[in-house]
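Chains Y and A, in that order, give the protein sequences. The first sequence begins at 1 in my numbering and counts up one residue at a time. The second sequence begins at 1001 in my numbering and counts up one residue at a time.
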Amino acid sequence: MTDCASCADERTAGAAFCEVCGRSLAAEPECPHCGTPGGVGEDGYCEHCGMLAGRERDHLETDCGEVAASVTDRGLRHHRNEDAMWLVTRDAEVDVVVSDGVSSSFDPDVASLTAVQAAGASIASGDVVAAIQAAQVAVAELAASGDPRRQASNPACTIVAAAVRGDAVTVGWIGDSRAYWVPDVGPAEQLTEDDSWATHVIALGADPEQAMRDPKAHAITAWLGADAGKVTPRTGEFVVGDPGHLVLCSDGLWNYLTDPAAFAAAVREGLREQGTLISAARWLADYANTAGGADNITVALIPVSPSSKE
Amino acid sequence: MTYTAEAFQNEFLALGATEVNAIVTVTSTGSASGQRTAGATEIIIVDASGSMQAEGRIAAARQAAKAAVACLDDGVHFALIAGVGTAQQLFPAPGQLAVSSAQTRAEATWAIDRLHASGGTAMGAWLLLAAQLMAQRPGDIAHAIMLTDGDNGERAGYLESVLETIAGKFAVDCRGVGTNWKVSELRKIADAMLGTVDIVARPSDLTAAFEQMMTAAMGKTSADVQLKVWTPVNATVRFVKQVEPQVADLTGKRVADGARAGRYPLGSWGAESRDYHVCVDVPPGAAGDEMLAARISLVEGDNVLTQALVRAVWTDDAALSTRINRQVAHYTGQAELAETIQAGIEARKAGDDHTATIKFGRAAQLAHESGNKATSELLATVVEIEDAATGTVRLRRKVAAADEMALDTRSTKTVRVGRGQ
């Protein structure tokens, strides 16, 4: 038996709300840092130790059972999660969007969230290009609202979006967030090509290993934001021939697995050892954190199989 | 009365760092109607010691007091004190406050004509009488003007003991006329009583000075506003300073409010904006940790008017943790400027020309860098500034006492930094 803290009414154990006054009977949250019960104030900081009790976006999961799963995590080195994700399933249809805020811009976390929400709202139509264009418009508009510092350094982000319709997959992207096709057997394929300095110079003939080691390697050459200019999203589409997994991720994961073969091996190990999609996605985020967690990590896993009709 | 508070800081700290600095700008629109939310009491204290006969000071003081009385709004309670070896109430009858009206202002003006200079200087006694009169009007916006032209004649320590008992009860703006008074003495009063100190070198400028002070006082619409600073466990407030419009260290005025918070008196407010520098030492955090280092609230009694958060976020990204916040850097420089000028004046008085030159040189450099033109001009009356950028100065052989006192009293005046990162 527990008394309601608000009106001192006795109630049966297990009830979520007080029968008399209707207030939540859940114990007041204790501070995850110092353990003070009920210590977290209205502004989210502990009234005792001052630590931020937790940011919702530090670690988020979307579990759509056997259809899809995604995880986004702050990582170990960044003070907040500037990645954002969108995952919606309707029977065999899956809409997925991953965005990574550009840290050097102002409010990059707002940019990435705006991007996935705008693209996510539009992508149900199956038109990935239109979805990314909606995100471009929404993110560009951020510079003119909110904190005036946004004008000097406008919010910016990357985007990768995919619409899965049965065995047909459409992918679109701007920046260096990636999509991979990891078949159950056989070589994996990177479906996107980074809009980055490294990719650019490698295309021009530079040594790939040397290029990736350059401090400028991750400098992106296309992004979403008011200062991005006119950028046309690049797209790819294919129909799966063999079963496998579509994987979308931010560079917080792929940077530890730059070789597509190593990437595929990690995805397969996660799927094999964990059993469920969500735990495999979590395992991949943990993999990046174990490797250093230098950036925010987002990963989405969507199994896709060929249509049964011959 | 609408208040806003905004914190300017670089919240990012390097791993292991524990010092958090922020500039908090508090702005008030004044009351909606421009009307005071509390009553107001004004007391004018005029030095009537024998020395006031010199240079026509007493005549100028009479005129200035009349001008100040003319500035009083209807309904304000007021009194006039003649400062001699004791405190004598000049108007209205002893122990009473008058209510301002055309009639009482005219009566006060006639009373001022009876003010004659003969006697000593007893600032402690003057302020004590003012405090007794103010005590009749608790909750009022309470303000006094004190004019003197000489040193306090009371026994050593008496003024200090009076200040200790009346500190925070009302505000006192101190003005010294001529150059035979001590800046340090009036600054002691102004600091304790949350007021200002300035020199009025020429008696003919007294009227303008009194009008300016009284007009500013009449613009105050809230009586007793405080800055409440909450800090987490194991954190300590290193200092709380007002840094604009002038430097005033409030650290020692802290009154505990519960286990984790303290209140610092800010005095009365009108439609104005002031900046505060808050420095807090916190326990170190891990990479990615975010701590509320201080919650700064503007309070009037139990009423929270506005709030600003000072945060600490630990990162191993040096690009973030080494960012200099312009506001913090600017006001750190302005506070150093005031201290350096006062140290230079002390050194010059002590005959240590070498130290004085170094201090004034640094001051010239700081004033130049921050665009504090007024202070640069005051410095130029005491030293020849050869190169402000490098701080190369030469002491002037002959310095007018009034110039040095003006530099001393106005060394705490600061300028604002342009906003925006």
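Where is the CB? At the ideal position from N, CA and C, for every residue including glycine.
Rounded to whole angstroms, the separation of the alpha carbons of Ser-145/Y and Val-1304/A is 28 Å. Near chain A, meaning a CB-to-CB distance below 9 Å, the residues of the region 71-94 of chain Y are Arg-74, Gly-75, Leu-76, Arg-77, His-78, His-79 and Arg-80. No Cβ-Cβ contact shorter than 8 Å links Val-1046/A with Leu-1133/A. For the pair Thr-1392/A and Glu-1386/A, the Cα-to-Cα distance works out to about 6 Å. Gly-1083/A is outside the set of residues whose beta carbon lies under 8 Å from a beta carbon in chain Y. Membership of Val-128/Y in the alpha helix (DSSP H) is indicated by the continuous run 128-141. With the rule of 3 Cβ pairs closer than 8 Å, the region 1303-1319 of chain A does not count as touching the region 1055-1070 of chain A. Restricting attention to Leu-1186/A, Tyr-1003/A and Leu-1206/A, the CA atom closest to the CA of Val-1197/A is found in Leu-1186/A. Between Ala-1079/A and Gln-1089/A, the C-beta gap is smaller than 8 Å, which places the two residues in contact. Gly-1288/A belongs to the set of residues whose beta carbon lies under 8 Å from a beta carbon in chain Y.
Residues Asp-242 of the same chain have their beta carbon placed closer than 8 Å to that of Val-185/Y, with the five preceding and five following residues left out of the count. In the displayed model, Ser-1118/A falls within coil according to three-state DSSP, outside both helix and strand.
Exclusion of the five residues before and after Ala-1040/A leaves Val-1076, Asp-1140 and Ile-1141 as the residues of its chain whose Cβ lies within less than 6 Å of its Cβ.
Excluding five sequence positions before and after Ile-1189/A, the CB atoms of its chain that fall closer than 8 Å to its own CB belong to Met-1123, Leu-1127, Met-1146, Leu-1159, Leu-1163, Val-1172, Cys-1174, Gly-1195 and Val-1197, given in chain order. Sixteen is the threshold: since fewer than 16 other Cβ atoms of the shown chains lie within 10 Å of the Cβ of Arg-272/Y, the residue is exposed. Contact between Thr-89/Y and Ala-68/Y holds: their C-beta atoms lie close to 5 Å from each other, under 8 Å. If you check the CB distance, Gly-236/Y and Leu-191/Y come in under 8 Å.
Contact annotation for Thr-1004/A against chain Y: no contact, minimum CB-CB distance about 15 Å [criterion: below 9 Å].
Thr-221/Y places its beta carbon less than 8 Å from that of His-200/Y. If you check the CB distance, Val-160/Y and Arg-149/Y do not come in under 8 Å. Secondary-structure assignment with DSSP links Glu-66/Y through no beta bridge to anything.
For Ala-1261/A, none of the residues of chain Y pass the 8 Å Cβ criterion, the least Cβ distance being about 11 Å. An exposed status is given to Ile-1324/A, since fewer than 16 other beta-carbon atoms sit within 10 Å of its beta-carbon. Taking 8 Å as the CB threshold, Pro-1232/A lines the interface with chain Y. Under the Cβ criterion of 8 Å, Leu-1292/A is counted among the residues facing chain Y. Residues of the same chain with a CB within less than 7 Å of the CB of Ala-1367/A, apart from the 5 flanking positions on each side, are Leu-1337, Thr-1375, Ser-1376 and Leu-1379 in chain order.
Taking a Cβ-Cβ cut-off of 9 Å, the neighbours of His-48/Y in chain A comprise Pro-1232, Val-1233 and Arg-1260, given in sequence order. Look at Val-1313/A: its C-beta is under 8 Å from a C-beta on chain Y. Among the residues of the region 1312-1332 of chain A, those with a Cβ less than 7 Å away from any Cβ of chain Y are Val-1313, Thr-1315 and Asp-1316, in the order of the chain. Among the residues facing chain Y, Leu-1309/A is included, as its CB has a counterpart in that chain under 8 Å away.
For the region 179-233 of chain Y, the continuous alpha helix (DSSP H) assignments of 4+ residues that do not extend past its boundaries occur at 197-203 and 208-213, in sequence order.
If you check each beta-carbon in the region 193-221 of chain Y against every beta-carbon of chain A, none falls closer than 8 Å. As DSSP reads the structure, Glu-237/Y sits in a beta bridge with Thr-170/Y.
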